[in-house]
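One structure is given here, and the rest of the page talks about it.
Protein chains in written order, with the working numbering: chain A, 1 to 112; chain B, 1 to 114.
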C-alpha cells in the first residue's frame, strides 16, 4: 500500500541547476497537486492537475513546470533553481469529488 | 493576503485535558474545511473535515466546530494524549470548476505534556 511516493527525500542544488521532483501514486486518483511548505507560511499550492493531460497553476507557480502524461505520475520541474526555492515540497492526490488529499512524505530541497 | 489564519503558533496542554485549536478564514467562497496533522519529516495526514452546511462534526476524540457567521472554526481534542503532539494545519477548499484546491493556514504546534 504505497500511497503517494516522492523522490528524492533530500536534494541540494546549486543556483541555476535544474531538476525534477518525482511524485507517483498508486490509488488511481485523478487529482494531483504540488505544495511547498515554508516556515511561517503553511503549505502553498504550486500546480495541480485534474487528470492526465490537464494541469493548472496554483498560488505560487513561478519557476516551476509540471506535466501529467499518466494518471500515476506528476513530476515537478525546476528549470533554473534559485535560493528562494529552498523549501519542503509535498505532492498530494485525491479522488474526484473528495477534498481529503493524501500527501507524500515530502522532498526537502536546498538551493545554495 | 492570508485567507486562512491560525493565530496561535503553539499550544501546550496537559495529558487528559482538552486541546482547542482555532482557525479563522476570510473567503466566503470556502465551502469545505479540513484539519491535517503533521509529524516532523512526514507529510500531512488528514484528520477531520466539515462541510459549510454543518456546524459540528465528530470523530472519536476529535470534534470540529464551524461558525460561518464569524468565519471561524475550531478543533477540539479530548482527552489529549502525548501522541497528539504535532503541528496541526487548518485548510479550506472552494470548488472552482472541476478542481478542489486547498488553502492552508500557517499551523499550530500542539505539545501534550505528561
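Idealized CB from N, CA, C, for every residue including glycine.
Residue 60(B) CB to nearest chain A CB: under 7 Å?
It does not: the Cβ of residue 60(B) has no partner Cβ on chain A nearer than 7 Å.
Could you please give me the residues that DSSP links to residue 67(B) through a beta bridge?
DSSP lists 72(B) as partners of residue 67(B).
Given a cut-off of 7 Å, decide if residue 88(B) and residue 110(B) are closer than it, judged by their beta-carbon atoms.
In contact: residue 110(B) and residue 88(B) (Cβ atoms closer than 7 Å).
Among the residues of its own chain, which have a CB less than 8 Å from the CB of residue 68(A), if the five just before and after it don't count?
32, 49, 51, 52, 53, 54, 55 and 74
Any contact between the segment 23-43 of chain A and the segment 3-14 of chain A? By contact I mean 3 or more CB pairs, one from each, below 8 Å.
yes
Between residue 45(A) and chain B, is any beta-carbon pair separated by less than 7 Å?
yes
Can you tell me whether DSSP reads residue 55(A) as helix, strand or coil?
In this structure, residue 55(A) counts as strand in the three-state DSSP scheme.
Mind checking which residues open and close the beta strand (DSSP E) that includes residue 38(B)?
32-38
I'd like the span of the beta strand (DSSP E) that includes residue 10(A), first residue to last.
10-13
May I ask you to list the residues that DSSP assigns as paired with residue 108(B)?
88(B)
Who are the Cβ neighbours of residue 21(A) in its own chain at under 6 Å, not counting the five residues just before and after it?
76, 89 and 107
Quick check on residue 84(A): does DSSP put it in helix, strand or coil?
Of the three classes helix, strand and coil, the one that applies to residue 84(A) here is helix, per DSSP.
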